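S.K.: Quick note: the sequence shown uses the UniProt record's numbering, first residue 1, plus one each step.
Note that the Cβ used here is the ideal one computed from N, Cα and C, for glycine as well.
Note that this is a predicted model, so its numbers are computed, not measured.
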Amino acid sequence: MSENVPWILKMAWRDSRGSRTRLALYLSAMVLGVAALVAIRGFGENLTRTVDREAKTLLGADLKIESDAPFRDSTEALLDSIGGTQSRRISFASMAYFPATGGTRLSAVRAVEGGFPFYGALETRPDDAAARYQAEDGALVDGALLRQFGVEVGDSVRIGDTQYPILGELKQAPGESSFTSAASPRIYLPRARLDTSLFGRGSRVEYEVMFEFTEARDRNELIAGIDPYLDRHDLDLDTVEEAASGWQDGLSDLYRFLGLAGFVALLLGSLGVASAVHVYVQRRLTSIAVLRCLGAKAGPTFRIYLAQAGVLGLIGAGLGSLLGVALQAFVPRLLADFLPVEVAFAVSWTAVGLGLVVGLGVTLLFALWPLLEVRGVSPLQALRTEVDPSTGGWRDPARWAVAIAVAATVSGIAVLQAPTWEIGLGYAVGVGAVFGVLALVARGIMAGVRRFFPTSWSYPWRQGLANLYRPHNQTTVLLLTLGLGVFLITTLVLVERTLLEQIQVAGGENRPNLVMFGIQNDQIDGVRNAVEKAGAPVLASEPIVTTRLQALQGRSLKALRQDSTVNVSWAYEREYRVTYRDHLTESETVVAGEFVGSVEGTPMQSGEAVPISMEQEMAREELNVGVGDTLTFDVQGRPVTTYISSLRDVNWQRIGTNYFVVFPEGVLGAAPQTHVLLGRTPNDDVAAAAQRNVVQEYPNVSAIDLSLILSTFQDLFGRLAYVIRFMALFSVFTGLIVLAGAVVVSRYQRAEESVLLKTLGASRRTVQTIMTVEYLFLGAFAAATGLLLALAGAWGLSYFVFEGPFVVAPLVLLAAFVLAVLVTIAIGLWNSRGLYDRPPLDVLRTET
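1) Could you pull the start and end residues of the alpha helix (DSSP H) that P190 belongs to?
2) Let me know the beta strand (DSSP E) ranges lying completely inside the stretch 492 to 577, each 3 residues or longer, listed in chain order.
3) Indicate the three-state DSSP secondary structure (helix, strand or coil) for T602 in the structure shown.
4) On the DSSP bridge assignment, give the partners of H675 in chain order.
5) Could you have a look at Y119 and say whether DSSP puts it in helix, strand or coil?
6) So what does T585 bridge to, in DSSP terms?
7) DSSP on K297, reduced to helix/strand/coil?
8) What ranges does the alpha helix (DSSP H) occupy inside the UniProt domain "ABC3 transporter permease C-terminal" (260 to 379), keeping only unbroken runs of at least 4 residues that lie completely in it?
9) Along the chain, where does the beta strand (DSSP E) containing R147 start, and where does it finish?
10) Going by Cα to Cα distance, which pick from L140, V545, M210, W652 is closest to T589?
11) I'd like the span of the alpha helix (DSSP H) that includes S74, first residue to last.
12) Could you pull the start and end residues of the alpha helix (DSSP H) that F211 belongs to?
13) Quick one: what's K171 bridged to in DSSP?
14) Spatial neighbours of V437 within its chain, please: C-beta separation below 7 Å, excluding the five flanking residues on both sides.
15) Any idea if F452 is buried or exposed, counting beta-carbon neighbours within 10 angstroms, 16 or more meaning buried?
16) With 16 other CB atoms within 10 Å as the buried threshold, where does residue 849 fall?
17) Just how far apart, CA to CA, sit A780 and F806?
18) Could you check where the alpha helix (DSSP H) with V808 kicks off and where it finishes?
19) In chain order, which continuous runs of the alpha helix (DSSP H) of length 4 or greater are located wholly inside the stretch 681 to 708?
20) Whole angstroms are fine: how far does the CA of V661 sit from the CA of L584?
21) My output table needs one value for A826: the three-state DSSP class, helix, strand or coil.
22) Would S87 pass as a contact of F43 if the rule is Cβ separation under 7 Å?
23) Tell me which residue opens and which closes the beta strand (DSSP E) that L776 is part of.
24) From which residue to which residue does the beta strand (DSSP E) around F92 run?
25) To the nearest angstrom, how far is it from the Cα of F263 to the Cα of S107?
26) So, with DSSP's three-state summary, where would you put Y427?
27) Which of the three DSSP states is assigned to T848 in this structure?
28) Spatial neighbours of R561 within its chain, please: CB distance less than 7 Å, with the 5 preceding and 5 following residues excluded, ordered by chain position.
29) What's the gap between the Cα of T363 and the Cα of A403?
30) Is it the case that the stretch 696 to 709 contacts the stretch 513 to 525, given that we only count it when at least three CB pairs across the two stretches are under 8 Å?
31) Around the Cβ of D62, are there at least 16 other Cβ atoms within 10 angstroms (buried) or fewer (exposed)?
32) Quick check: the Cα distance between E3 and P300, rounded to an integer number of angstroms?
33) According to DSSP, simplified to helix, strand and coil, what is Q248?
34) Classify M1: buried if its beta carbon has 16 or more other beta carbons within 10 angstroms, exposed otherwise.
35) So, is N473 buried or exposed, given that buried needs 16 or more other C-beta atoms within 10 angstroms?
36) Just how far apart, CA to CA, sit A289 and L440?
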């Protein structure tokens, strides 16, 4: 066989003459798919390398210990014994008030003492503000806050009862991206001047100590020595490795999902190659038969065309890899809002190698299917064109082997790109299902048009419709490529509309859009008056009591931790913020048991078990308990035994006070508690006035403005949607190239038809009308199928993933349908231009 290789390559080169231009169009479709894979894969490796190198910058220290309460004396002694250079920080959420403009917003406050960050820097404007703010008792304020309220450096900000001059605009902090900044703007303050009256009952505060050690310090030995103490006292330890791993896990999920979008482009390109090879083989059947007459065996003849496909794949993979390396430098800019560090560019030879292997392998596999027909070409076909190749159809073992290989390769690439193998396999099955539905629809359209042909239509319409099932038609490939593109883009738009609609519905009329929390017992009446004075009616207020789970079914948490058969998850360890009331809210539905709204007597003194209602997923999936099971809660140092009287389904999308655990009235009334107040503001001015009134009189109270959350969500989702759409465009552009290629491949068939029609007296207008009708139906069928699949996909995501109402968006569907049809007609007519003007003899000679 090896001595025939030069002959096979020479014949492959000679046989491709006259077809290279058309094959090159499909080559460009493969290029885009490989480029997307290489760009995302290379970026992922650069990101991992950068995060590993800048790991200390992400944490800002070598080690961090944090607690949700002030450190006790024994902990202070431990911290002193650890040594190293230390810096303290207190992190909490508080209302920031800007006297210059009267603006106020809930912000993430960082009160720092010492040299933090030890690695990296607080990037500010002016540059020296980070070095001065502690010594000059000033503040560094997030640029998003300054721009929102029209505040400038030199103005002041008030946190609690303390006012700070704004010394600089905070642009970047270690371990934080602009994405997190938009959701929760940051303010850095000196710890020495912090108003600690903000830390009332119910406040969420993190007390942190950051360490910097010399290179000689054995960190692993240190961590092993202090871990037992930290576990006993519920102290959290963050290391450089954990900080890097956390960012890598989150960002790798993002770029791998983007890689799946590029994977679709690769599949479309491969489909284009398969279609091109199929049509190419059909046009070469006579040449293949001549080779067989001259003594060429089926094997060498098959390898001639396989060599052509291999060269095509190798060139496409090579060009795609080069384009992918170029795009790799652009991906960090695309994802800049989500990155905590600047990703350094370096060529990833692993990604390039993967692109070459995947591009070549997928091209060969998808080309093998139509090439199997070459083996069955009979020498008799050189004389009688009506002789069909015979390879046994599905009885041919080789056809089954190719089908299995294609399925395995597609699944393997999807698993390689996805965050988990389950997601990758599900994605491959989903893409296969979409392709299968589109292919079945294409077959159904051809069969339906043939069976129910409208004989009463005018000739141009009948001829254009008949072209859908004519020999060498491109109905299947056009429906696959165009339908998939419509499906991808429309699904993204519908999901975006659904998510935005969920927030808008949650903040609809007669529902609260202003939430005040952290209100102490003696402040509830004053806060209510301040809100109502601004013109915002108060809809509800509820008490909140902080508790922790102490025992489950009579077994203490310590015993549960020691039991290897019990998975002690976050639900066992978390702090529960519970309420007590005698009714259910609109967002709650009892799914098991009976809701008990009040109890008689004094169960806190008698020790009698108290009936509670628990959210069903927390109970069944996290704690593995049900109706009748007992739980013991630590309520501010006092144990309270309870039993589950009911399980509730909670609609977490509805804005309001939702709880995992609800106690009945008559139990926690005397327990230390805070309050939450829900109001409804008619416009932004009233919302701002209500928050301003409250923060001036009660600086410890925090507020959430739903209208601001909605605008922030829209901004953040818009950034993410832009990234996803960018990757989806690879699939769309690839689909358009395959669409154009399918038209080009069938150009000679159309030339023959045009000559025949012209010879029979058809006018230019008649020929153009026939082509327009054909592409009109192709575009309409593909768009309709893609839109139906998009509706099904978006509904599934809305119902099963986002658990919210599905938005149909009829204007989006109409626009997508019209655009898809117009694009199909435009590409079809553009690639068919000039056919009517060609002389009949020229067409016949070309065919010969």
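M.R.: Put simply:
1) To locate residue 190, count along the sequence shown from 1; it is residue 190. Careful: P190 lies outside any alpha helix (DSSP H), inside the beta strand (DSSP E) at 186 to 190.
2) 514 to 519, 538 to 552
3) Here residue 602 refers to the residue found at position 602 of the sequence shown. Of the three classes helix, strand and coil, the one that applies to T602 here is coil, per DSSP.
4) In the sequence shown, counting from the first residue as 1, residue 675 sits at position 675. Answer by DSSP bridge pairing, in chain order: I519, P543.
5) Locating residue 119 in the sequence shown gives position 119, counting from the first residue. It is coil, neither helix nor strand.
6) The count along the sequence shown starts at 1 and reaches residue 585 at position 585. Note: T585 sits in no beta bridge, so no partner.
7) Taking the first residue of the sequence shown as 1, we reach residue 297 at position 297. Residue state, collapsed to three classes: coil.
8) 285 to 293, 298 to 328, 331 to 334, 349 to 371
9) The residue you call residue 147 lines up with position 147 of the sequence shown. Where R147 is concerned, there is no enclosing beta strand (DSSP E), although the alpha helix (DSSP H) it sits in stretches over 143 to 149.
10) Numbered from its first residue, the sequence shown carries residue 589 at position 589. Checking every option, the nearest Cα to that of T589 belongs to W652.
11) One-based indexing of the sequence shown puts residue 74 at position 74. S74 -> alpha helix (DSSP H) spans 73 to 82.
12) Working through the sequence shown from its first residue, we reach residue 211 at position 211. That residue, F211, is in no alpha helix (DSSP H); its beta strand (DSSP E) goes 205 to 212.
13) Position 171 of the sequence shown holds residue 171. K171 is not bridged to any residue.
14) Taking the sequence shown and counting its residues from 1, one reaches residue 437 at position 437. For V437, where only same-chain residues beyond five positions count, the Cβ hits under 7 Å are L789.
15) Numbered from 1 along the sequence shown, position 452 holds the residue referred to as residue 452. F452 is exposed by the Cβ-count criterion.
16) Look at the range of the chain in this structure, 1 to 848, and you will see that residue 849 is not part of it.
17) Your numbering for residue 780 matches position 780 in the sequence shown. Your numbering for residue 806 matches position 806 in the sequence shown. Approximately 25 Å, taken between the alpha carbons.
18) Residue numbering aside, residue 808 sits at position 808 when the sequence shown is read from its first letter. Unbroken run through V808: none, as it is neither H nor E.
19) 684 to 697
20) As a first step, residue 584 is located in the sequence shown; it is residue number 584 there, counting from the start. As a first step, residue 661 is located in the sequence shown; it is residue number 661 there, counting from the start. Approximately 12 Å between the Cα atoms of the pair.
21) As a first step, residue 826 must be located in the sequence shown, where it is residue number 826. Helix.
22) As a first step, residue 87 is located in the sequence shown; it is residue number 87 there, counting from the start. As a first step, residue 43 is located in the sequence shown; it is residue number 43 there, counting from the start. No, the Cβ-Cβ distance between S87 and F43 is not below 7 Å.
23) The count along the sequence shown starts at 1 and reaches residue 776 at position 776. No beta strand (DSSP E) contains L776, which is instead part of the alpha helix (DSSP H) from 764 to 796.
24) Looking up residue 92 in the sequence shown gives position 92. From DSSP, the beta strand (DSSP E) with F92 extends over 85 to 98.
25) Here residue 263 refers to the residue found at position 263 of the sequence shown. Here residue 107 refers to the residue found at position 107 of the sequence shown. Distance between the alpha carbons of F263 and S107 is about 40 Å.
26) As a working mapping, residue 427 is identified with position 427 in the sequence shown. DSSP places Y427 in helix when its eight states are reduced to three.
27) Start at 1 with the first residue of the sequence shown, and residue 848 comes out as number 848. Low local confidence applies: a pLDDT of 43 at T848 is under 50, so the model's placement there is unreliable, and no value is given.
28) Numbered from its first residue, the sequence shown carries residue 561 at position 561. Around R561: V568.
29) Start at 1 with the first residue of the sequence shown, and residue 363 comes out as number 363. Start at 1 with the first residue of the sequence shown, and residue 403 comes out as number 403. Going from the Cα of T363 to the Cα of A403 covers about 14 Å.
30) yes
31) For the purposes of this step, residue 62 is taken as residue 62 along the sequence shown, with counting starting at 1. That one is buried.
32) Counted from its first residue, the sequence shown places residue 3 at position 3. Counted from its first residue, the sequence shown places residue 300 at position 300. Here the model assigns E3 a pLDDT of 47, short of 50, so the residue's position is not dependable and the matter cannot be decided.
33) Translated into the one-based positions of the sequence shown, residue 248 becomes position 248. Correct three-state label for Q248: helix.
34) Taking the sequence shown and counting its residues from 1, the one referred to as residue 1 is at position 1. Model confidence at M1 stands at a pLDDT of 44, short of 50, so the residue's coordinates are unreliable; what they give is reported in the following sentence. Exposed: under 16 other Cβ atoms inside 10 Å.
35) By 1-based counting over the sequence shown, the position of residue 473 is 473. Buried.
36) The count along the sequence shown starts at 1 and reaches residue 289 at position 289. The count along the sequence shown starts at 1 and reaches residue 440 at position 440. Answer to the nearest angstrom: the Cα atoms are 32 Å apart.
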